[in-house]
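Residue numbers (the numbering used here): 5 to 255.
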């Protein structure tokens, strides 16, 4: 009789442990969900987007003051190198001194620099502009275990593969064939599916990340190790009951 009770308890515990199957998986999609296609242009070079904070520096005479070795005012040189920050608004517009509001979203940094230099030519002689984005961060979930992190992109052209490497790579239970890249306004984002489980997917891994991107590596489902961990307390309890039963009957 006690064997039957123990067997029933173990089976019930097993199904109870498996009941919350994949409870930690985020961003689930229905079968047959149509992901957005990765645009080839987005693989080549990083582009300015809304909510970017750009460091703006403007010099005349093609930036002569940047390399003026006769300038001994170190404080002034330091201020020149720091620049002033401006925010790209939700519609891609940035409000800059003198020229006012201009649209620079969708341009690479070099394209934006050339574009602004043309506008400032009406005011300054041989303008030289330097732009840099200071708030480029991406969020990465590399798998199970509470390992999500926010990474600041130090370079202009950080790829998906590089960001995963900065996060320590995929976790042991991360699925390389189930990587989701969420981009843009979260009210209506672009959602891309990326498969890095085969060498053919390396071109997808070469996509240039944008500020605010979310990279989600789907974890495996409930593993044997997880089931064993959840069953351990129950099995300990059942073993204790059996031991007590045997001891009591032996008295």
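Think of the CB as a built atom: it goes at the ideal place given N, C-alpha and C, for glycine as much as any other residue.
Under DSSP, no beta-bridge partner is assigned to residue 202. Taking C-alpha positions only, residue 35 is separated from residue 121 by approximately 49 Å. Between the segment 131-148 and the segment 200-215 there are three or more C-beta pairs closer than 8 Å, enough to call the two in contact. With contacts defined as CB atoms closer than 8 Å, residue 108 and residue 116 qualify as a contacting pair.
Contact between the segment 166-184 and the segment 198-206 is present: 3 or more CB-CB pairs across the two stretches fall below 8 Å. Within the DSSP bridge table, the entry for residue 59 names 89 and 136 as partners.
DSSP, reduced to helix, strand and coil, places residue 100 within a strand of the structure shown. In the assembly as shown, residue 99 is an exposed residue. Its beta-carbon has fewer than 16 other beta-carbons within 10 Å.
Following the DSSP letters along the chain, one finds residue 180 inside the beta strand (DSSP E) bounded by residues 178-187. Unbroken alpha helix (DSSP H) stretches of 4 residues or longer found wholly inside the segment 106-177: 113-124 and 164-170, given in chain order. Taking a cut-off of 8 Å on C-beta distances, the segment 50-67 touches the segment 86-97, as three or more cross pairs fall below it.
Around the CB of residue 147, 16 or more other CB atoms lie within 10 Å, so the residue is classed as buried. Shown here, residue 221 sits in a strand according to DSSP, grouped into three states.
Its Cα nearest to that of residue 157, the residue 136 stands out among 136, 197 and 193.
Of the residues 110, 176 and 114, the one whose Cα lies closest to the Cα of residue 97 is 110. About 4 Å separates the beta carbon of residue 132 from that of residue 63, a gap short enough to meet the 8 Å contact definition.
For the set 31, 243, 29 and 185, the Cα lying nearest the Cα of residue 165 is the one of 185.
Beta-bridge pairing by DSSP links residue 194 to 187. One Cα belongs to residue 243, the other to residue 200, and the distance between them is close to 45 Å. A residue is called buried once 16 or more other Cβ atoms fall within 10 Å of its Cβ, and residue 113 is buried on that count. When 236, 210 and 187 are compared, the shortest CA-CA separation from residue 220 is found for 187.
Residue 169 is positioned such that its CB atom lies no closer than 8 Å to that of residue 144. The beta carbon of residue 88 is closer than 8 Å to those of 59, 60 and 61 in its chain, skipping five residues each way along the sequence. Under the three-state reduction of DSSP, residue 212 is assigned to strand.
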